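In the numbering used here, the protein residues as written are 190 to 572.
No residue lacks a Cβ here, since even glycine has one placed at the ideal position from N, Cα and C.
Keep in mind that this is a model prediction, so the values were computed, not measured.
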């Protein structure tokens, strides 16, 4: 819980007037910024300069969504690297590559809001490398995705070679009948694209900009969707099944704390920050996914019981990471399917769903099987 305060002194420096109460402590602006940045940097001990290899320069990917969390992380990491460059050190701990998946390729309605934002980011943090790619570039970085869409979802792509990658992807995404299934498949595509991009650029790890609040919502949503077996790789730090390290430097911070931090440290970038919808009641049930419901729950209940939300993520940290050696991987989300993998004979199974029968490949995990059950026949002419 974070609150604005007046007429009190900062408990850290004992000189400046306090402006916020953070976890029962009254802090001034500078001490609050230092408190938050220290939390993040402690989570990045793995990438300290003293731990850097001597024979090469490490490279990390930071996916930027223009949300307050990923922008705060970009600011903190960029400030760290700038300090290393300007204090006489001969090298930085790592190179930072910022990846933006074009928001318009995910949500065309964001076209006007998205224009010009990358230029402002580059101006603010000019020393980083930047790449902006559309979602359809997943076909370039993950060559298996075309076969997965065609072979395992029944969309006959090969019968119309003139169809563009964007048309193929839009047809696939539009074939899901519920908001939850569409959000789930978009999350899978985004992760596959980011991981494939990072590996193609020989990166050592990915810095995910997920706050504790976001991780708690993801945990609850994944359990509700039947993806409990893959929670560890969605929430916890460590080596992923795709041979690249996952880091969550913001996992000790609440979304509300990052919003206050951004109001102090990112004053010049306030106009480009994507604002989360606060009034979920404006969304109809038809357009609300499980992710939206869990985000709403964490947003409302987290303000009252922040410790409970934090315990959700800490509990997942205690889970044992499933082994990936010799494990059968789900053909869609590419996580070890484990015991959820249907072991019956044959390569596909037909399961009744709303509106008819859906053919689901047997090499899918339970979560993907549930998502694929929401597929409907493609509405576009398959040629």
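N-terminal and C-terminal residue of the alpha helix (DSSP H) that residue i is part of
i           : result
residue 435 : No alpha helix (DSSP H) holds residue 435; the beta strand (DSSP E) holding it covers 434 to 436.
residue 281 : Here residue 281 belongs to no alpha helix (DSSP H), and DSSP marks it neither H nor E.
residue 330 : 327 to 330
residue 448 : 444 to 454
residue 194 : Taken as a continuous stretch (DSSP letters only), residue 194 belongs to no alpha helix (DSSP H), as it is neither H nor E.
residue 426 : Segment: none, residue 426 is in no alpha helix (DSSP H) and carries neither H nor E.
residue 491 : 479 to 493
residue 458 : Run containing residue 458: none; DSSP gives neither H nor E here.
Beta-carbon spacing of residue i, residue j below 8 angstroms
i           : j           : result
residue 552 : residue 520 : yes
residue 285 : residue 317 : yes
residue 309 : residue 461 : yes
residue 192 : residue 213 : no
residue 287 : residue 382 : no
residue 554 : residue 418 : yes
residue 388 : residue 327 : no
residue 431 : residue 384 : yes
residue 266 : residue 253 : no
First and last residue of the uninterrupted beta strand (DSSP E) at residue i
i           : result
residue 507 : No beta strand (DSSP E) holds residue 507; DSSP gives it neither H nor E.
residue 520 : No beta strand (DSSP E) contains residue 520, which DSSP labels as neither H nor E.
residue 318 : 318 to 322
Burial state of residue i (16 or more Cβ within 10 Å)
i           : result
residue 282 : buried
residue 264 : buried
residue 561 : buried
residue 311 : exposed
residue 240 : exposed
residue 580 : With the chain represented from 190 up to 572, any question about residue 580 goes unanswered, as that position is not in the structure.
residue 515 : exposed
residue 314 : buried
residue 245 : exposed
Bridge-paired residues (DSSP) for residue i
i           : result
residue 394 : 249 and 434
residue 218 : Looking at the DSSP assignment, residue 218 forms no beta bridge with any residue, so it has no partner.
residue 234 : Answer is none; residue 234 lacks a bridge partner.
residue 365 : 564
residue 286 : 250 and 318
residue 206 : 198
The region 197 to 205 / the region 398 to 413 touching (three or more Cβ pairs under 8 angstroms):
Inter-segment contact for the region 197 to 205 and the region 398 to 413 is absent: fewer than three beta-carbon pairs are separated by less than 8 angstroms.
Does the region 502 to 521 come into contact with the region 418 to 426, if we say contact requires no fewer than three beta-carbon pairs (one atom in each stretch) closer than 8 angstroms?
yes
Taking 8 angstroms as the cut-off, does the region 434 to 447 touch the region 221 to 236 (at least 3 CB pairs, one atom from each stretch)?
In short, these stretches touch, since the Cβ pair count reaches three.
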